[in-house]
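Everything below concerns the one structure shown next.
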Amino acid sequence: MKLSMIDYGIIAVYFVFVLGIGFLLKRRVKSSGDFLMSGKSIPLWITSLAFISANLGAQEVIGMAASGAKYGIMTAHFYWVGAIPAMIFLGVFMMPFYYGSRARSVPEYLKLRFDEKTRSFNALSFAAMTVFSSGVSLYALAILLQSLLGWSFEVSVWLSGGIVLAYILTGGLTSAIYNEVLQFFLIVLGIAPLVFAGLHQVGGWNGIEQQLPAVMTHTWQNMGSAADNPMGVNIFQMVMGLGFVLSFGYWCTDFLVVQRAMVAHNMSAAQRTPIVAAIPKMLIPFVVILPGLIALVLTKTDGSFALPLKPDGRMDFDMTLPVMLSHYYPTGLLGIGLTALMASFMSGMAGNVTAFNAVWTYDIYQTHFKKNAPDKHYLWVGRMATLFGILLSVATAYLARSFNNIMDLLQLVFGFVNAPLFATFLLGMFWRRTTGHGAFWGLLSGTVMAAITQGITIAEGKGGWMLSTPVHEFSSAMAQAFAIAIVAWTSCFVITIVISLATKAKPADELRGLVYSLTEKPKETGVTWYLRPAPLAVAVLVAVIALNFVLR
Amino acid sequence: MNLLQKYLDDLRFIIGVLFMIFALILVVLGITEPVVPGRLNLNLYTGLFMAVFSGGMLFFSVRDQMKAEEGPKKTKASVAL
Chain A
1 MKLSMIDYGI IAVYFVFVLG IGFLLKRRVK SSGDFLMSGK SIPLWITSLA FISANLGAQE
61 VIGMAASGAK YGIMTAHFYW VGAIPAMIFL GVFMMPFYYG SRARSVPEYL KLRFDEKTRS
121 FNALSFAAMT VFSSGVSLYA LAILLQSLLG WSFEVSVWLS GGIVLAYILT GGLTSAIYNE
181 VLQFFLIVLG IAPLVFAGLH QVGGWNGIEQ QLPAVMTHTW QNMGSAADNP MGVNIFQMVM
241 GLGFVLSFGY WCTDFLVVQR AMVAHNMSAA QRTPIVAAIP KMLIPFVVIL PGLIALVLTK
301 TDGSFALPLK PDGRMDFDMT LPVMLSHYYP TGLLGIGLTA LMASFMSGMA GNVTAFNAVW
361 TYDIYQTHFK KNAPDKHYLW VGRMATLFGI LLSVATAYLA RSFNNIMDLL QLVFGFVNAP
421 LFATFLLGMF WRRTTGHGAF WGLLSGTVMA AITQGITIAE GKGGWMLSTP VHEFSSAMAQ
481 AFAIAIVAWT SCFVITIVIS LATKAKPADE LRGLVYSLTE KPKETGVTWY LRPAPLAVAV
541 LVAVIALNFV LR
Chain B
1001 MNLLQKYLDD LRFIIGVLFM IFALILVVLG ITEPVVPGRL NLNLYTGLFM AVFSGGMLFF
1061 SVRDQMKAEE GPKKTKASVA L
């Protein structure tokens, strides 16, 4: 791919704006609350777009196009089953506790609801996970720029890390959120023309249906058996593993996304943030997944288009989007498309770093190192945590370059930690009898059970490290991941109940505002009825069911 | 300076200006650069779409700032009356 001076100019203009936002917001940062929580003053449309943009990182943009080419339109399950229902649940049922409890982070809610050890377990694992995720994003960006433009790995890593550091350090979370919104529009407007041009060439959706096998153009029809679809998962694994455990575990408990709703200016806006975000979220598959399907058709029908091959001779689906950009985009739009890709990496990285600095400052430093320091001290610690987080991300990127297997292992371990988390929150918020001991040991047992399940089963050559002959072989790594999540969640749920029944619960007075049955339901005033969380949630749910039905 | 600062505080204004710059570049390229036969003039179409989008962002930002400016004046006037 060859860029012209105009393309480089477009990239430069974008970075001037990104850095400019940070400097413009600098004067607003006067306290640790302004830096780490945006002073809880962000309007609804911004929190909603930031909510999905924090997740619209490299995995989503590059990875979903690759999955579209590999699995077809079934990939949309990651949105319509694996995101929207959880986002609605978060808005309607869980935000009142997060926002109403005045907790500054998800781990802090765990402290209020349970105890210090549960908070620390979650805070430490989350802090480590965010830094490593940010490093993986940085590594992927550097590799992409190296392979597409021939840029040096070092320059890409340090320059991208430096830009993200500059705009977070100056403007704090508000700057990260404003840039996430900017990046959202850039990603959508930068990649949508690709879909438009591709559909125009292949003859629209009808053209795709004619060229590809039916299994690639239907979402539900081949889910009866794992052997019948390219994902290798059945309907139970899809609905229970992805649609319930993994989806609710991520969207309802991961501070990276929940933080965007927690900084809304009032409870109503906080509740509506994930629900309003669900509207563009359900349409994003048409921007990020369709290029994969179009690329498959082009490999059959357009002699001038080909996806690169891996050393083993299989198609390198990860290159779907970059190759499509190179194929369709002329000078000018190519600069915009490439800027959109870079923006997606940086958006994911900035989201992780801003979540990391809040958890580090409030849940680790303030709790375990210095409790009653002046606010200026915590502002300084927040800034240092940002710098520290970026440096760790850079170190992780280098680590990933040297030992790719270590990154797989780390991601696997963090997956084990995340999978059972939703069971803890579900019981904590809706069953007042749940105790801190129950929550802690439930979480720990869920994590251990996830590791054991991975160790005694195998899929695509992965897992099975505990036994010489694994007890079960899954049809795909995805099916294995879903099964691990189901086992982890179930063990956490059962162990938490058993230990809670055997230990002493907190008195009701300490649980007000933290548990459903002991909390006054928020009353909506001054908001038109159809804009209230419940009616909005119903409308979004109907729309997503309709999408599933149309592409069934 | 104060008014400019208010506009810069509005994210819609910043988004509007950035995408207007991109739109202008794409429209100029779309008009001047030759297009591969059989292909869409993507620069032109995307540029025009971006111009409409950024125009909308700027319009709502400026309208709201003007409303905010007029609001206190009207109040003062009504108090004077």
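In the order they appear, the protein sequences are chains A and B.
Under the numbering used here, the first residue of the first sequence carries the number 1, and numbering increases by one thereafter.
Under the numbering used here, the first residue of the second sequence carries the number 1001, and numbering increases by one thereafter.
Even glycine gets a Cβ: it sits at the ideal position worked out from N, Cα and C.
DSSP places H218(A) outside both helix and strand once states are collapsed to three, so it counts as coil. Looking at L387(A), S347(A) and F23(A), the one whose alpha-carbon comes closest to that of T361(A) is L387(A). Contact annotation: F255(A) and A355(A) have beta-carbon atoms nearer than 7 Å. For T457(A), the enclosing beta strand (DSSP E) covers residues T457 to A459. Around the beta carbon of P420(A), 16 or more other beta carbons sit within 10 angstroms, so the residue counts as buried. Proximity of the stretch 478-486 of chain A to the stretch 524-535 of chain A falls short of the contact definition, fewer than three beta-carbon pairs being nearer than 8 Å. When secondary structure is reduced to three states using DSSP, G57(A) falls in the coil class, being assigned neither helix nor strand. DSSP places F430(A) inside the alpha helix (DSSP H), whose first and last residues are L421 to F430. Using a Cβ distance threshold of 7 Å, A340(A) and V157(A) do not count as a contacting pair. Excluding the 5 residues flanking it on each side, G332(A) has same chain C-beta neighbours closer than 6 Å at I6, in chain order. The DSSP assignment places complete alpha helix (DSSP H) segments of no fewer than 4 residues inside the stretch 115-172 of chain A at 116-149, in order along the chain. Excluding its 5 nearest sequence neighbours in each direction, K1006(B) has C-beta neighbours in its own chain below 7 Å: Q1065, listed in chain order. Residue environment: R433(A) is assigned as exposed (fewer than 16 neighbouring CB atoms within 10 Å of its CB, all protein chains considered). If you check each beta-carbon in the stretch 1027-1038 of chain B against every beta-carbon of chain A, the ones closer than 7 Å belong to L1029 and E1033.
For V359(A), there is no enclosing alpha helix (DSSP H), since its DSSP letter is neither H nor E.
The secondary-structure analysis by DSSP pairs K462(A) across a beta bridge with A459(A). Within chain B, no residue has its CB atom less than 9 Å from the CB of Y98(A), the nearest being about 24 Å off.
With fewer than three CB-CB distances shorter than 8 Å, the stretch 341-351 of chain A does not count as touching the stretch 1048-1067 of chain B. Residue state for M223(A) is assigned as coil, using DSSP reduced to three classes. Secondary structure at A197(A): helix, using DSSP grouped into helix, strand and coil. Distances from the alpha-carbon of T424(A) to those of G335(A), G455(A) and S491(A) put S491(A) closest.
Taking C-beta atoms as the reference points, K26(A) and G171(A) count as a pair closer than 7 Å. Residue L1042(B) holds the alpha-carbon nearest to the alpha-carbon of V1027(B) among L1058(B), L1042(B), D1010(B) and V1062(B). Under the three-pair Cβ rule at 8 Å, the stretch 310-317 of chain A does not count as touching the stretch 154-169 of chain A. With contacts defined as CB atoms closer than 7 Å, Y328(A) and L194(A) qualify as a contacting pair. Residue-level contact check: A197(A) touches chain B, since one or more beta carbons of chain B fall below 7 Å from its beta carbon. Judged by pairs of C-beta atoms under 8 Å, the stretch 208-221 of chain A does not touch the stretch 49-63 of chain A, as fewer than three such pairs exist.
Bridge pairing for H472(A): T457(A) [DSSP]. At a cut-off of 7 Å between beta-carbon atoms, L1040(B) makes contact with chain A.
For R113(A), the enclosing alpha helix (DSSP H) stretches over residues V106 to R113. Note on geometry: alpha-carbon atoms of N266(A) and V202(A) lie some 47 Å from one another.
Along the stretch 325-336 of chain A, going in chain order, the ones with a CB nearer than 9 Å to a CB of chain B are Y328, Y329, P330, T331, G332, L333, G335 and I336.
The C-beta of H200(A) comes closer than 7 Å to at least one C-beta of chain B.
Close to chain A, meaning a Cβ-Cβ distance shorter than 8 Å, are the following residues of the stretch 1051-1073 of chain B: F1053.
When C-beta distances to chain B are compared with 8 Å, the residues of the stretch 184-196 of chain A below that value are F185, L189, P193 and F196, in chain order.
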